[in-house]
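Colleague:
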Amino acid sequence: MKRALVAGLVLLGVAVAGVVLGLLLVAPSGAPPAPTATSRPPRPSASPSPSAMDTAAVGVLARAIVEAIARHDSAAFGRLTCRPQSAEALAGLQRTWDAAGPVTATLAEPPEVRGESATAKVHVKAAGGTKDTPFPLHKENGRWCVPG
Numbered sequence: 004m005k006r007a008l009v010a011g012l013v014l015l016g017v018a019v020a021g022v023v024l025g026l027l028l029v030a031p032s033g034a035p036p037a038p039t040a041t042s043r044p045p046r047p048s049a050s051p052s053p054s055a056m057d058t059a060a061v062g063v064l065a066r067a068i069v070e071a072i073a074r075h076d077s078a079a080f081g082r083l084t085c086r087p088q089s090a091e092a093l094a095g096l097q098r099t100w101d102a103a104g105p106v107t108a109t110l111a112e113p114p115e116v117r118g119e120s121a122t123a124k125v126h127v128k129a130a131g132g133t134k135d136t137p138f139p140l141h142k143e144n145g146r147w148c149v150p151g
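Following my numbering, the numbering of the sequence shown begins with 4 at its first residue and continues without gaps.
#1: Using alpha carbons as the reference points, say which of VAL149, PRO150, GLY145, GLY151 lies closest to SER54.
#2: Thinking just about the alpha-carbon of each residue, which of ARG98, ALA92, VAL127, GLY81 is nearest to the one in GLU112?
#3: Taking all protein chains shown into account, do 16 or more other C-beta atoms lie within 10 angstroms of the C-beta of SER77, making it buried, or fewer, making it exposed?
#4: Which residue marks the beginning of the beta strand (DSSP E) containing ALA123, and which one marks its end?
#5: Taking ILE68 and ALA123 to be in contact with their CB atoms under 8 Å, please state how far apart those CB atoms are, rounded to whole angstroms.
#6: Check whether the Cβ of SER52 sits closer than 7 Å to any heavy atom of the ligand FMN, and report yes or no.
#7: Buried or exposed for GLY81, please, with buried defined as at least 16 other CB atoms from any protein chain shown within 10 angstroms of its CB.
#8: What does DSSP give as the partner residue(s) for GLY132 in the beta ladder?
#9: Kindly indicate which residue of VAL125, ALA129, PRO150 has the alpha-carbon position closest to the one of GLU119.
#10: Under three-state DSSP, which class holds LEU64?
#11: From the DSSP output, which residues share a beta bridge with PRO137?
#12: When you compare only the Cα positions, how much space is there between ALA108 and PRO137?
#13: For VAL106, which beta-bridge partners are listed by DSSP?
#14: Between ASP135 and the rest of its own chain, which residues show a CB-CB distance below 6 Å, the 5 nearest in sequence each way excluded?
In structure tokens form, the structure reads like this:
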């Protein structure tokens, strides 16, 4: 009885292998296999994966934001924005940073890139406490910048 079962399984294996080999030989090269009843079409992703260049550029921008905050350098921060900032706006930012006193700034987590938008969460620690601030970032004319 066991021999008959083993022989049947071997024959079934040979038949399945023959069918698979036959399909491989008959299918045109380079053509994707035809979908079967159990296959599912790929699900579209919510947003395309960021390129390595975009991920790197966002990382550089995020670190530049951190450095500008830590050094209280409003002029450096102004160069990171998508639109030129007025002297008045930069002076106001500088007054705010000067009033805050010494701070430490770090990235709270790696920036999150979604297509041509990204977010860099900056963790700032000062005498008054700590705060995590998400900075929206945007790719404009091939350059990553802080909107506004």
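Backbone N, C-alpha and C fix where the C-beta goes; we use that ideal spot for every residue, glycine too.
Modeller: Walking through what the data contain:
#1: GLY145
#2: VAL127
#3: buried
#4: 120-129
#5: 6 Å
#6: Summarising the ligand content, the structure contains no ligands, and the ligand FMN is consequently not present.
#7: buried
#8: ALA129
#9: PRO150
#10: helix
#11: LYS124
#12: 13 Å
#13: ALA129
#14: ALA111, LYS124, HIS126
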